[in-house]
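Trainee: Top line first, the protein sequences correspond to chains Z, E and Y.
Per the working numbering, the first sequence starts with residue 269, numbered consecutively.
Per the working numbering, the second sequence starts with residue 1440, numbered consecutively.
Per the working numbering, the third sequence starts with residue 4, numbered consecutively.
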Amino acid sequence: MIEFHLESRSGVSPYLQIVQQVRQAMRLGLLHDGDQLPTVKEVVAQLAINPNTVLKAYRELEHEGLASARPGVGTFITGSLAGESLAAHGPLRRALQTWIAKARRAGLDDESIEALFQSSFRSAADEEIA
Amino acid sequence: MSAVLSARRLGKRYGRKWALNECDLDIPSGHVVGLVGPNGAGKTTLIHLAVGLLTPSAGTIEVLGNKPSDSPAQLSRVGFVAQDTPTYARLSVADHLALGAHMNPGWDAEVARRRIEDLDLDPKQKAGTLSGGQRAQLALTLAVAKRPEFLILDEPVASLDPLARREFLQSLMEVVVEQGVSVVLSSHLVADLERVCDYLVVLVSSRVQLAGEVDELLASHHRLIGPRHDVDALPRDQHVIEESHTDRQSTLLVRSDGPILDPSWTVEQVDLEDLVLAYMGQAGLSTRRRRNPDGGKAVSQLDVVR
Amino acid sequence: MIAFGWRQFRGQALVGAAGLVVVGVVLAITGPHLVSVYDSAVAACRESGGQSAVCNSNPVTITYRGLQYGVIAVVLVMPALIGMFWGAPLIAHELETGTFRLAWTQSVSRTRWLLVKLGLVGLASFLAAGLLSLMANWWGSPLDAASPDRFGAGNFAVHGFVAGGYALFAFALGVTAGLILRRTLPAMAITLAGFIAARFVVTDWVRAHYMSPVTFTQKLSASNTGFQLNGPIGSHATASVMAQAPGLPNAWVYGARIVNDAGQSPTTAVMQQACPNLGTAVPPPGLFKKGGPGTLGSHSTTGATGGIQDAFTHCINTLSANYHAAVTYQPANRFWTFQAIETALFVVLGLVLAGVCTWWVRHRIT
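#1: Excluding the 5 residues flanking residue 1709 (chain E) on each side, which residues of the same chain have their C-beta closer than 8 Å to its C-beta?
#2: Return no unless some Cβ of chain E is closer than 8 Å to the Cβ of residue 316 (chain Z).
#3: Whether or not the segment 1522–1539 of chain E and the segment 1558–1567 of chain E are in contact is what I'm after, with contact meaning three or more pairs of Cβ atoms, one per stretch, closer than 8 Å; do they touch?
#4: Can you give me the C-alpha to C-alpha distance between residue 305 (chain Z) and residue 287 (chain Z), rounded to a whole angstrom?
#5: Using a Cβ-Cβ cut-off of less than 9 Å, give me the residues of the segment 1630–1644 of chain E that come near chain Z, in sequence order.
#6: Is there at least one Cβ from chain Z nearer than 8 Å to residue 1608 (chain E)'s Cβ?
#7: Does the Cβ of residue 1674 (chain E) have 16 or more other Cβ atoms within 10 Å, making it buried, or fewer, making it exposed?
#8: Is the segment 1450–1469 of chain E touching the segment 1479–1486 of chain E, taking contact as three or more C-beta pairs under 8 Å?
#9: If you draw a straight line from the C-alpha of residue 335 (chain Y) to the C-alpha of residue 270 (chain Y), how long is it?
#10: Once you ignore the five residues that flank residue 8 (chain Y) on each side, which residues in its own chain have a CB closer than 6 Å to its CB?
#11: Along chain Z, which residues have their Cβ under 7 Å away from the Cβ of residue 1616 (chain E)?
#12: In the segment 1490–1513 of chain E, which residues sit with their C-beta less than 7 Å from some C-beta in chain Y, listed in chain order?
#13: Spatial neighbours of residue 300 (chain Y) within its chain, please: CB distance less than 7 Å, with the 5 preceding and 5 following residues excluded, ordered by chain position.
#14: Do residue 1560 (chain E) and residue 1581 (chain E) come within 8 Å of each other at the CB atom, strictly closer than that value?
#15: Strictly below 9 Å CB to CB, what residues from chain Z border residue 1605 (chain E)?
#16: Between residue 279 (chain Z) and chain B, is the shortest Cβ-Cβ distance under 8 Å, so that the two count as touching?
#17: Could you check where the alpha helix (DSSP H) with residue 1542 (chain E) kicks off and where it finishes?
#18: So, helix, strand or coil for residue 75 (chain Y), using DSSP?
#19: Would you check if the segment 175–186 of chain Y and the segment 94–107 of chain Y touch, i.e. whether three or more CB-CB distances between them fall below 8 Å?
#20: In the DSSP assignment, find the beta strand (DSSP E) that holds residue 1631 (chain E) and state where it starts and stops.
#21: For residue 1485 (chain E), name the three-state secondary structure that DSSP assigns.
#22: For the alpha helix (DSSP H) that contains residue 371 (chain Z), what are its first and last residues?
#23: When the cut-off is 8 Å and only beta carbons count, does residue 111 (chain Y) lie next to chain E?
#24: Measure from the C-beta of residue 1735 (chain E) to each C-beta in chain Y and report whether the shortest distance is under 8 Å.
#25: How would you write the range of the alpha helix (DSSP H) that residue 1665 (chain E) sits in, first residue to last?
#26: Do we get a CB-CB distance below 8 Å when we pair residue 1471 (chain E) with the residues of chain Z?
#27: In terms of residues, what are the limits of the alpha helix (DSSP H) holding residue 92 (chain Y)?
#28: Could you name the residues of chain Y that residue 1541 (chain E) contacts, counting a contact when the two beta carbons are closer than 7 Å?
#29: Give me the subset of the segment 1522–1536 of chain E whose CB atoms are less than 9 Å from a CB atom of chain Y, sorted by chain position.
#30: Do we get a CB-CB distance below 8 Å when we pair residue 394 (chain Z) with the residues of chain E?
#31: Go ahead and label residue 127 (chain Y) buried or exposed: buried means 16 or more other beta carbons lie within 10 angstroms of its beta carbon, across all protein chains shown.
#32: Residue 1644 (chain E) and residue 1596 (chain E) - do their beta-carbons sit closer together than 8 Å?
#33: Can you tell me the Cβ-Cβ gap for residue 266 (chain Z) and residue 275 (chain Z), rounded? I've got them flagged as a contact below 8 Å.
#34: Between the segment 1615–1635 of chain E and the segment 301–317 of chain Z, do at least 3 Cβ pairs fall closer than 8 Å?
#35: Going along chain Z in order, which residues have a C-beta closer than 8 Å to the C-beta of residue 1708 (chain E)?
#36: With a CB to CB cut of under 6 Å and the five nearest residues on each side skipped, what residues in its chain are close to residue 344 (chain Y)?
Right under this line is the structure:
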């Protein structure tokens, strides 16, 4: 059984933090297919957060196909992410390294590179939603 | 979803001063609602109207579909913990549970017993000798063991140390899961409520300034940072809540339903505390002129508030 | 609710019960001695054929003098204490400490909560004070036998069971004051003042009207009259004559007036004509001694000699042709009726106040 923690100032909404922590645990092999996630009651008793937050996180995991709820019993992990280590994305990583080199040659410093990346990432995310 | 608390133009007056004025609310059931506002804003007045300890001077209020009244049926559906968690100092914990059992037909002795046990409270200890956190937990037990549909808590954690505060909120959330109660809890600090509330009501100067689901509020408010703008030129669906300008730069907090299309703005998320502070400021509470740290003249938000 | 009401009252009830027990023990220890002192004096009187000094003044009246005053004080004061310490804090304490916000949000209506507390503690007040009074009466019965005056204005309140009614009223007054003022200490002060005022008003102005008093007439004679001069001795001042009320054991004598058949007192002209010499006769030495029991006027001629005595006797004989003494009083056998009436009066006042409290809690407290 895993435990969650919450960073109130991280800027990431609580339910997403839970989703991320489940995914991370799956990647690290702490959660396997068929493991039960903590019950809503257990999570709120530990974190003092709204039960709807936990429900939302678990629904999101279901939506992503990573978990499934069995009424009256609990929520269980389905599938696995163990193969999704960073090493599996070789081509993407190399493309990124090339782009970073290009940006450096154009004269951008570290912070400018990060700012450029963040704003592009955000507008791409907004376009996905729109 | 039905409303646990509905108010229409609700007001309460003491002499010539209105402690609560023109209050319109529809708080949906199934939520943990935070009632936020500075001291003296009217939170306790609204709460006392909801539990029947006060009668309105104007307007109407309905709780669980009925006027708050003295009737046993209505009283048994609403659990209440008053500010400073009053308890009978000379009576023991067990006496308080007996109070609950005798005065509430819906009393669930098992729930009460289990909570007292889990909290490690000595049934024979006099309530006056309990710590603040223990008294708050005792008061919560009394409110919860009668199995209400609706729990109202007036500043339950205001005078508790951080550990007691955390434990109280953990305990409260457990109750929400177990019994499915709707909860309203008030506080003058947003930080207390951020983790547990999914609906927010901001009360400032005896009026409701803001009410809505937390997710929706956070999604519809943004901080815009960019070159100096004239706020009158903003699109009509963007409402400025708070603004601050230097000669070169404008920082705005806006409510907007649509996306922010102007590329000159850097758009940031707002956290709940800043959001509440902005609405409190909008209500004219802030009297300080804000100065830009590098010496540029800043314009006080009071100057441009319309 | 009743069980919880009792739990809240328990501490105060124990104090009250302990007090009653202490008083009861003291009375139980000293009571039999009082009885024996009384009985011995009665026996001694009988043996002496009515000549002994104890026939007129039973020594029991001075036995345990201090304790007597103490018992009277306790019975007098207990209703006020009950009003202040059981009544005033009943609601005021909850309002002051905020516990009413806990009590009024359980599943019991405010009205029911109030009525249970009023009924429980009100009944306890009535019984406690009534019991104390009856215990004191039991203990003091030899004293009452020796000096029978329980119906008199000063003694009525500490005899019988009327203290129970007083206590119930004081309790209700305390609760009402506490409810309206919302503070215990001011409520205690108001309760004390209001209770004292009510007792004075009833004792001085109301009690005399419960039933019409009885009048009986008495022939005037020098032994049951006295006179008062409206100026110094030796001047030609006019005099007024007063009748001395008879000693009616355990009756409440309002007074005695000298009147003719038409109910009129002697006018100045009548007095000048009938008693011309009272103002001029030279008083012999030793005339002015302290009057004996029952003396109303400034001067009694009992034991006086010479001119004044003759002048006065002549005066009285002249007057008695047309005038007699009219004594108004309540007969001794009405004592328990009056106790019942006064108790009922105070109980009704208490119930009215309880009604006020109930209305206030329902409609005004919010």
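Glycine residues also receive a C-beta, built at the ideal position from the N, C-alpha and C atoms.
If you're wondering where the values come from, they're calculated on a predicted model, not measured in any experiment.
Mentor: The structure says:
#1: The residue labelled residue 1709 (chain E) in the question sits at position 270 within the second sequence. The residues are 1657, 1660, 1661, 1662, 1692 and 1717.
#2: Indexing the first sequence from 1 puts residue 316 (chain Z) at position 48. Closer than 8 Å: yes.
#3: yes
#4: By one-based count along the first sequence, residue 305 (chain Z) stands at place 37. By one-based count along the first sequence, residue 287 (chain Z) stands at place 19. Approximately 11 Å between the Cα atoms of the pair.
#5: 1630, 1633, 1634, 1635, 1636 and 1637
#6: On the second sequence, position 169 is the one that residue 1608 (chain E) refers to. Taking Cβ atoms only, chain Z reaches closer than 8 Å to residue 1608 (chain E), which makes this a yes.
#7: Here residue 1674 (chain E) corresponds to residue number 235 of the second sequence, with the count starting at 1. With fewer than 16 other Cβ atoms within 10 Å, it is exposed.
#8: yes
#9: Along the third sequence, read from residue 1 onward, the residue named residue 335 (chain Y) stands at position 332. Along the third sequence, read from residue 1 onward, the residue named residue 270 (chain Y) stands at position 267. Computed Cα separation, rounded: 33 Å.
#10: For the purposes of this step, residue 8 (chain Y) is taken as residue 5 along the third sequence, with counting starting at 1. Taken in chain order, the residues that qualify are 119, 120 and 123.
#11: On the second sequence, residue 1616 (chain E) is found 177 positions in, with the first residue counted as 1. The answer, in chain order, is 308, 309, 312 and 319.
#12: 1490, 1492, 1493, 1494, 1509, 1510 and 1511
#13: Counted from its first residue, the third sequence places residue 300 (chain Y) at position 297. Caution applies to residue 300 (chain Y), whose pLDDT of 43 falls short of 50 and renders its modelled position unreliable; the value that the coordinates give is listed next. 229, 230, 231 and 245.
#14: Looking up residue 1581 (chain E) in the second sequence gives position 142. Looking up residue 1560 (chain E) in the second sequence gives position 121. Not in contact: residue 1581 (chain E) and residue 1560 (chain E) (Cβ atoms no closer than 8 Å).
#15: Sequence index remark: in the second sequence, residue 1605 (chain E) carries index 166 (1-based). Within chain Z, the residues near residue 1605 (chain E) are 316.
#16: Included in the structure are the protein chains Z, E and Y, with no chain B among them.
#17: Locating residue 1542 (chain E) in the second sequence gives position 103, where the first residue counts as 1. Unbroken alpha helix (DSSP H) run through residue 1542 (chain E): 1532–1542.
#18: In the third sequence, residue 75 (chain Y) corresponds to position 72, counting from 1. The answer is helix: DSSP assigns residue 75 (chain Y) an H, G or I state.
#19: yes
#20: Working through the second sequence from its first residue, we reach residue 1631 (chain E) at position 192. Residue 1631 (chain E) -> not in any beta strand (DSSP E); alpha helix (DSSP H) instead, spanning 1629–1633.
#21: For the purposes of this step, residue 1485 (chain E) is identified with residue 46 of the second sequence, where counting begins at 1. In this structure, residue 1485 (chain E) counts as helix in the three-state DSSP scheme.
#22: As a position in the first sequence, residue 371 (chain Z) is number 103, starting the count at 1. Residues 358–373.
#23: If you number the third sequence from 1, residue 111 (chain Y) lands on position 108. So, interface residue.
#24: Walking along the second sequence from the start, residue 1735 (chain E) turns up at place 296. Confidence is the limiting factor: at residue 1735 (chain E) the pLDDT is only 40, short of 50, which leaves the residue's position unreliable, though a coordinate-based value still follows. No, its Cβ sits nowhere closer than 8 Å to a Cβ of chain Y.
#25: Looking up residue 1665 (chain E) in the second sequence gives position 226. Residue 1665 (chain E) -> not in any alpha helix (DSSP H); beta strand (DSSP E) instead, spanning 1660–1666.
#26: Here residue 1471 (chain E) is taken as the residue at index 32 of the second sequence, counted from 1. Yes, contact with chain Z.
#27: On the third sequence, position 89 is the one that residue 92 (chain Y) refers to. Residue 92 (chain Y) -> alpha helix (DSSP H) spans 91–100.
#28: By 1-based counting over the second sequence, the position of residue 1541 (chain E) is 102. Ordered by position in chain Y, the residues that pass the 7 Å Cβ test against residue 1541 (chain E) are 4, 6 and 7.
#29: 1522, 1523, 1524, 1525, 1526, 1527, 1528, 1529, 1530, 1534 and 1535
#30: Here residue 394 (chain Z) refers to the residue found at position 126 when the first sequence is read from its first residue. By this cut-off, residue 394 (chain Z) is an interface position.
#31: Taking the first residue of the third sequence as 1, we reach residue 127 (chain Y) at position 124. Result: buried.
#32: Your numbering for residue 1596 (chain E) matches position 157 in the second sequence. Your numbering for residue 1644 (chain E) matches position 205 in the second sequence. Result no, Cβ atoms of residue 1596 (chain E) and residue 1644 (chain E) do not sit closer than 8 Å.
#33: Because chain Z is modelled from 269 through 398, residue 266 (chain Z) falls outside the range shown and cannot be assessed.
#34: yes
#35: Sequence index remark: in the second sequence, residue 1708 (chain E) carries index 269 (1-based). Chain Z residues near residue 1708 (chain E): 279.
#36: For the purposes of this step, residue 344 (chain Y) is taken as the residue at position 341 of the third sequence. Taken in chain order, the residues that qualify are 213.
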